[in-house]
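Undergrad: Per the numbering used here, residue 1 is the first one in the sequence shown, and the count goes up by one each step. Just so you know, even glycine gets a beta-carbon here, dropped at the ideal spot from N, CA and C. These numbers were taken from a predicted model, which means no experiment stands behind them.
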Amino acid sequence: MAPILPSISTAVELRELLSDGCTTLVCIDIEGDHYNTSEIGLAICSHLDPLKAGHSYASFIEENQISCSTIRMQEPTFQHQRYQEALRFGEESYDIDDNFQSTISSHSQFRDATNLVLVVFDSKAELKWASQSCPDLLGKFAAFVDVQKLAANASSNVNPGLRRSLHALGLTEGVPLWKDRQFKKPHRAANDVVYTLAVLASLLSRPPTAVPLKIERSPKPPRLFYGRPWPQRCYPYTVLIRTFDQTPLPSGLDTAGKVYHYFSPFSPISAGTGLTHKDSPHKQQLSRSWIIFGTQADLDTFCNSVNHTTVGGGKRIIVESYYIPGVTLTSEERKAKQLEDGERIREERRRLRLCLTPLSVAEHGHIAAQCCPPIQT
1 MAPILPSIST AVELRELLSD GCTTLVCIDI EGDHYNTSEI GLAICSHLDP LKAGHSYASF
61 IEENQISCST IRMQEPTFQH QRYQEALRFG EESYDIDDNF QSTISSHSQF RDATNLVLVV
121 FDSKAELKWA SQSCPDLLGK FAAFVDVQKL AANASSNVNP GLRRSLHALG LTEGVPLWKD
181 RQFKKPHRAA NDVVYTLAVL ASLLSRPPTA VPLKIERSPK PPRLFYGRPW PQRCYPYTVL
241 IRTFDQTPLP SGLDTAGKVY HYFSPFSPIS AGTGLTHKDS PHKQQLSRSW IIFGTQADLD
301 TFCNSVNHTT VGGGKRIIVE SYYIPGVTLT SEERKAKQLE DGERIREERR RLRLCLTPLS
361 VAEHGHIAAQ CCPPIQT
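(1) To the nearest angstrom, how far is it from the Cα of Thr114 to the Cα of Leu197?
(2) Report the rounded CA-to-CA distance for Lys52 versus Ala190, giving the unit in angstroms.
(3) Between Ile242 and Ile318, how many whole angstroms is the CB-CB distance? I'm expecting something under 8 Å.
(4) State the Cα-Cα distance for the pair Pro358 and Ser267, rounded to the nearest angstrom.
(5) Take the Cβ of Asp254 as the centre, count every other Cβ of all protein chains shown within 10 Å, and call the residue buried at 16 or more, exposed below.
(6) Specify the secondary structure class of Asn191 as computed by DSSP and reduced to three states.
(7) Would you tell me roughly how many angstroms separate the C-alpha atoms of Thr309 and Phe244, rounded to the nearest one?
(8) Considering only the alpha carbon of each residue, which of Ile28, Gly252, Phe121, Leu48 lies closest to Gly161?
(9) Below 8 Å CB to CB, which residues in the same chain sit around Thr10 once its five sequence neighbours on both sides are set aside?
(10) Cβ of Met73 within 9 Å of Cβ of Glu39?
(11) What did DSSP end up calling Asp29 once you bin it into helix, strand or coil?
(12) In terms of residues, what are the limits of the beta strand (DSSP E) holding Lys315?
(13) Tell me the residue span of the alpha helix (DSSP H) that contains Ala378.
(14) Please name the residue, chosen from Lys128, Ile28, Val193, Ile104, that lies closest to Ile4 on a Cα-to-Cα basis.
(15) Just to confirm my understanding: we take Gln232, look at its own chain, exclude 5 residues before and 5 after, and list those with CB closer than 6 Å. What are they?
(16) Quick one: Cα of Lys315 to Cα of Pro250, how far?
(17) Contact defined as beta carbons within less than 8 Å: I believe Val117 pairs with Val147. What is the distance between those atoms, to the nearest angstrom?
(18) For Asn115, which three-state DSSP category applies?
(19) Return the chain-ordered list of same chain residues with a C-beta closer than 6 Å to the C-beta of Leu200, the five sequence neighbours on each side being excluded.
(20) Hey, Gly252 and Gly312 are a contact pair by Cβ (cut 8 Å); roughly how many whole angstroms apart?
(21) Within the same chain, show all residues whose beta-carbon is closer than 6 Å to that of Ser202, passing over the 5 residues directly before and after it, in chain order.
(22) Apart from the five residues just before and just after Ser205, which ones in its own chain have a Cβ nearer than 7 Å to its Cβ?
(23) Select from Tyr57, Phe225, Cys68 the residue whose C-alpha is nearest the C-alpha of Cys45.
(24) Under a Cβ-count criterion, where at least 16 other Cβ atoms within 10 Å of its own Cβ denotes burial, should Glu31 be classed as buried or exposed?
(25) What residue range is occupied by the uninterrupted beta strand (DSSP E) comprising Val145?
(26) Use the C-beta contact count for Asp210: other C-beta atoms within 10 angstroms, 16 or more gives buried, fewer gives exposed.
(27) What are the uninterrupted segments assigned as alpha helix (DSSP H) that are 4 or more residues long and contained completely in the region 234-269, given in chain order?
(28) Whose C-beta lies closer than 8 Å to the C-beta of Thr301 among residues of the same chain, with five residues either side of it excluded?
(29) Taking Ile291 as part of the beta strand (DSSP E), name the residues at either end of that continuous run.
(30) Kindly indicate which residue of Val239, Gln246, Thr247 has the alpha-carbon position closest to the one of Phe263.
(31) Short check: CB of Arg228 to CB of Phe89, under 9 Å?
(32) Just the C-alpha distance for Thr37 and Thr247, rounded to the nearest angstrom, thanks.
(33) Going by C-alpha to C-alpha distance, which of Ile215, Arg353, Ser56 sits closest to Asn159?
(34) If we ignore side chains and look at the alpha-carbon of each, how far apart do Val12 and Val26 end up?
(35) Using only CA atoms, which one of Pro221, Asn157, Val193, Val194 lies nearest to Leu213?
(36) Taking the alpha carbon of Leu42 as the reference point, which residue from Ala130, Glu320, Ile8, Ser305 has its own alpha carbon closest?
Printed below as a string of structure tokens:
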């Protein structure tokens with residue numbers, strides 16, 4: 001059974017422990033999903049001086065004599081070899097046999113330490129992994145400190161992120177506001193342990209009377225979908241987006257995320273993509289997208305500004321309300337509405353081919369050009 005470690009909850013308590021010169025900090029970061037650990041970041045040091053203004057992370061590592069490394073627990077994939085963060089700290093090794101306990105126990109600083117303190121950022125994942133994978137190793141620590149909780153105590157954000165904490169403290173050299181893996185680009189786990197120690201060092205150097213930090217809250221990601229749009233009773237203000245010539249949407253609008261971010265000036269709450277049903281065996285499925293708003297006013301503004309505008313590749317798009325807000329249609333009424341909408345769209349296309357409404361098209365194009373960025377194809 002894994003031991004229960006006492007928690008160091010304040011910077012003052014940790015500062016007193018470090019003042020005796022006998023305490024060693026061991027920072028661990030776990031990367032992977034709930035079932036498999038892909039890599040482990042490890043950093044060990046005996047004292048912490050904050051990162052000085054104008055100095056690099058390399059000097060921070062050198063001045064504090066931080067030993068850091070990334071231990072891969074799985075074979076590297078092609079993506080891991082191709083993509084890396086701009087900053088890369090420490091050495092990289094492979095421990096395919098999951099023998100992490102012997103690897104860290106053989107470390108000289110770990111072996112010679114008399115008082116070990118485990119350092120993590122958001123302790124849930126790391127403590128759960130350690131209690132299941134190496135409970136004997138966990139028993140060698142006297143206590144643990146969760147740097148996220150220390151950052152929360154120094155700010156009004158109860159759940160601050162690592163990178164946003166770095167930016168709030170001015171430690172921004174080469175540090176993005178989000179993890180590269182959000183864009184499917186793996187990063188080195190040793191980077192996170194160095195960042196965690198940098199945040200901890202800055203928090204330890206702050207006086208008790210310092211002004212609270214302003215750590216921004218991470219924005220809530222939008223709910224995106226693929227296939228049919230969500231029910232009318234939940235999202236009545238849904239807009240259908242398709243091309244005038246019935247061809248697939250351009251590459252800049254062919255995913256839900258691209259649609260959401262391209263039209264973000266109109267404040268949508270969700271977006272999705274899908275395929276129409278086959279009209280006949282001779283016609284291919286046509287790409288289309290949906291974008292969802294929170295109010296009727298936002299929907300009307302979007303339709304009036306974007307309808308009949310030209311997007312990337314010179315394609316003209318048609319937008320229309322997918323539902324009638326506040327009205328529940330029967331299957332017969334829905335079929336009649338679809339026929340009516342189809343006839344209306346065909347009539348609009350005939351009018352445009354005859355160039356009967358050039359001024360309105362130009363006006364709409366001018367409005368959309370002011371609201372939306374150009375799409376690269």
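TA: Concretely, from the data shown:
(1) 20 Å
(2) 20 Å
(3) The sequence given here places Arg at residue 242; Ile does not occur at that position. That pair is a contact at about 6 Å.
(4) For Pro358, the pLDDT reaches just 49, beneath the cut-off of 50, and the residue's location in the model is therefore unreliable, although a value from the coordinates is still provided. Going by the C-alpha atoms only, they are around 28 Å apart.
(5) exposed
(6) helix
(7) 10 Å
(8) Phe121
(9) Leu150, Asn153
(10) yes
(11) strand
(12) 315-321
(13) Residue 378 cannot be examined here, being either before or after the span of the chain that is shown, 1 to 377.
(14) Lys128
(15) Tyr323
(16) 7 Å
(17) Not a contact, Cβ separation roughly 12 Å.
(18) strand
(19) Val147
(20) 5 Å
(21) Pro50, Leu169
(22) Pro50
(23) Cys68
(24) buried
(25) 143-146
(26) The amino acid occupying residue 210 in the given sequence is Ala; Asp does not appear at that position. Burial call: exposed.
(27) 256-262
(28) Phe266
(29) 287-292
(30) Val239
(31) no
(32) 44 Å
(33) Ile215
(34) 19 Å
(35) Asn157
(36) Ala130
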